[in-house]
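Participant:
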Amino acid sequence: MMAVNRQVTRHSYRVCTRLYPPLSCSSSVSMVQKVLVRPPQDVPGAEGQAEFFRAGIGGFFQERPMLKNPFLEDALLQGYLRRHLPSEAVYSDLRVFGERLVREVDGWGRECEVTPPRLVTYDPWGCRVDRIVTSPAWQRMKDLSAQEGLVAIGYERSYGEWSRVYQMCKLYLYSPSSGLYTCPLAMTDGAAKVIQSLGVSWPVADAFSRLTSRDPEHFWTSGQWMTERRGGSDVGNGTETVALPQSDGTYRLSGFKWFTSATDADMTLTLARVTDVDGQTTSGSRGLSMFYAAVRDEQGMVQGIEVQRLKDKLGTRQMPTAELLLDGLPAHRLSEEGRGVACIANMLTVTRIHNSVSAVAGMRRVLQLARDYATRRSTFGKLLRDHPLHMQTLARMEVETRGAFLLVMEVCRLIGREETGHASQLETHLLRLLTPVAKLYTGKQAVAVISEGLESFGGQGYIEDTGLPAMLRDAQSLLAAASLPSLSVAVRAVDSALSGLREFLQAAALTPPSFMELAARDLAYSLARIYMGALLIDHASWEGASNSDAYAALRWCEQDLCPVVSKAAVGCYNMKTPPLDAALVYEESTRD
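Residue numbering for the sequence shown is 122 to 713, as defined by the working numbering.
Here it is, written out as structure tokens:
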């Protein structure tokens, strides 16, 4: 700001000297500050010149949207906690954390964005060091994560089965200001979950205590190194990294990891194939085992790792993502041999939940800023908030955000019940079903809602057979509890969508597998929309609900809740369509 003031002051002084007696430095600064703080109207000045001509840069400056305490600005979050976790300590912690986000953390996030990580391959004496240098703000984010318990809350279990909800609510507030530090936190949380599920013992007892620590000096983050050149999701066929057994029971890993996020982490969990005495490995998923490795030795140097390069990514540039050559990385096998994929599934569950939380958090933040901006920006003689069309757009975004929030919180509630041993078989199935559905749908929602939100500033999976009936029954039970006449239209819409989905699934069971393969994405969307509708209705039915809660439920249920049925009715999954789709995509020019 000082630099801007100096630049504007110099410019303003040059213009003014042609029209008025020279100004002292202090009076010149005062004049410019007056323009910046209280912009004058573009009216003729004392000598008949336009006011903006005297200022040189114009007299109008649009007020920017202001970030306010994101917890106090979120009525739905507060209502949800009053209903499910009415703890004064939780409320106070989130309120104070919200103030800290506004006061300092949001600025750190911007610093992370403008100061991306860089790779230092060699030191001044020619020794290879492979050091990834991040901004000071990135390190402050790590310290804050420990201090605020952003991982620890989920493992301290101070609030029993609701501890995960508390943790994720705090991450939901933090994510948009985090400079993407929520990504390493997601993998850290996932690693802690895996270790806990296996039993906290040597060689990972110390690592677990660090991953879940509130002490910045003790706290560690974890990586998740699985993607290799041959593929990402298909780790069973795409993993070439091998693990050579050592005489002391440890292993040495050798291979090439193509995409390793948060590469500055302190440890990692990764997959590799154990070699036998003849140097042979087992192919496919059954040949993969899971390993734990500390990234650096006691001197802070990487061991058995060469950082080939940092990825030049389209987005997420705040976080270091690298290609790594593993050349004898010391490691410990944690899973049974050949059970690596099954063992690491817990990590994927947690990271998917984090992904969903961050998606909804982005939607909420852009809405908060858009709502504030609408009280500051005037067009065609009135504030944006007084334009019905603009309010209609924001209301539609609000409904999307509310539905997404309740879906994600339901997944957080379910994992909390599972971790504390309170989950029924139905809830266990729901957790397995809704986790990938929530990740898919909220990710798509976030792109649409945030894009719409930016425009408001103007130029400025898998689904298991046992899971589907469980989801349908649970959604039906949520509807049964909704007895308010004002919600009857929404209840009928969700009930009709459920009936249509049941009929679709019964008919689909008689079709070839290729039919469901074509319908899979629309089926996931249908599951998400129906379940969000049921959750919105359920939340609007409790005694502490507001009129806006009921209105959000009604607005959500205006849309097509079951697109898989609608599209099936017009033949979208007909087996004649795949070759036509391919011909459309790959149509070649007919000109010679």
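The beta carbon of each residue, even a glycine, is placed where N, CA and C say it ideally should be.
1. In this structure, what does DSSP give as the bridge partners for Y714?
2. Considering Cα atoms alone, identify which of P297, L306, A641, H339 is closest to M484.
3. Alpha carbon to alpha carbon, how far is G408 from P606? Give it in angstroms, no decimals.
4. Identify whether F380 lies in helix, strand or coil by the three-state DSSP scheme.
5. To which residues of the same chain is M696 closer than 7 Å at the C-beta, ignoring the five residues directly before and after it?
6. Buried or exposed: where does W323 fall if 16 or more other Cβ atoms within 10 Å of its Cβ makes it buried?
7. How big is the Cα-Cα spacing for Y243 and Y302?
8. Provide the residue(s) that pair with F412 in DSSP beta bridges, ordered along the chain.
9. How should P699 be labelled, buried or exposed, when 16 other C-beta atoms within 10 angstroms of its C-beta is the threshold for buried?
10. Could you spell out the range, first to last residue, of the beta strand (DSSP E) harbouring L366?
11. How would you call V226, buried or exposed, if buried means at least 16 neighbouring beta carbons within 10 angstroms?
12. Could you pull out every unbroken alpha helix (DSSP H) segment of at least 4 residues lying fully inside the region 631 to 660, listed in chain order?
13. Select from G537, I651, R492 the residue whose C-alpha is nearest the C-alpha of R185.
14. I need the straight-line Cα distance from T442 to V423, nearest angstrom please.
15. Buried or exposed: which applies to P165, given that a residue is buried once 16 or more other Cβ atoms fall within 10 Å of its Cβ?
16. Across which residues does DSSP place R417 in a beta bridge pair?
17. Can at least three beta-carbon pairs, one atom from the region 343 to 359 and one from the region 384 to 394, be found at a separation below 8 Å?
18. Using a Cβ distance threshold of 8 Å, determine whether the region 266 to 280 contacts the region 329 to 344, with at least three qualifying pairs required.
19. Mapping DSSP to helix, strand and coil, what is T541?
20. Quick check on DSSP: helix, strand or coil for Q429?
21. Check whether the Cβ atoms of Q566 and A480 sit closer than 9 Å, and answer yes or no.
22. Distance check for F625 and S687, CA to CA, integer angstroms please.
23. Suppose the cutoff is 7 Å on Cβ atoms and the five residues either side in sequence are ignored; what does the same chain contact list for Q268 look like?
24. Rounded to whole angstroms, what's the CA-CA distance from F192 to L206? Just pull it up for me.
25. Can you give, in chain order, each stretch of the beta strand (DSSP E) that sits fully within the region 176 to 238 and has at least 3 residues?
Facilitator: Let me lay it out:
1. The requested residue 714 does not occur in the structure, where the chain is confined to residues 122 to 713.
2. P297
3. C-alpha separation (whole angstroms): 58 Å.
4. Correct three-state label for F380: strand.
5. Within the same chain, S635 come within 7 Å of M696 by CB-CB distance, once the 5 residues on both sides are set aside.
6. exposed
7. 27 Å
8. DSSP output for F412 lists T391, R454 as bridge partner(s).
9. exposed
10. Residue 366 is actually Pro in this sequence, not Leu. Counting along the chain, the beta strand (DSSP E) containing P366 begins and ends at 363 to 366.
11. buried
12. none
13. R492
14. 16 Å
15. In this predicted model, P165 has a pLDDT of only 48, less than 50, meaning its place in the structure is not dependable; the value taken from the coordinates is given anyway. It counts as exposed.
16. V423
17. Yes, the region 343 to 359 touches the region 384 to 394.
18. yes
19. coil
20. Assigned with DSSP and collapsed to three states, Q429 falls in strand.
21. In contact: Q566 and A480 (Cβ atoms closer than 9 Å).
22. 10 Å
23. R335, P337
24. 15 Å
25. none
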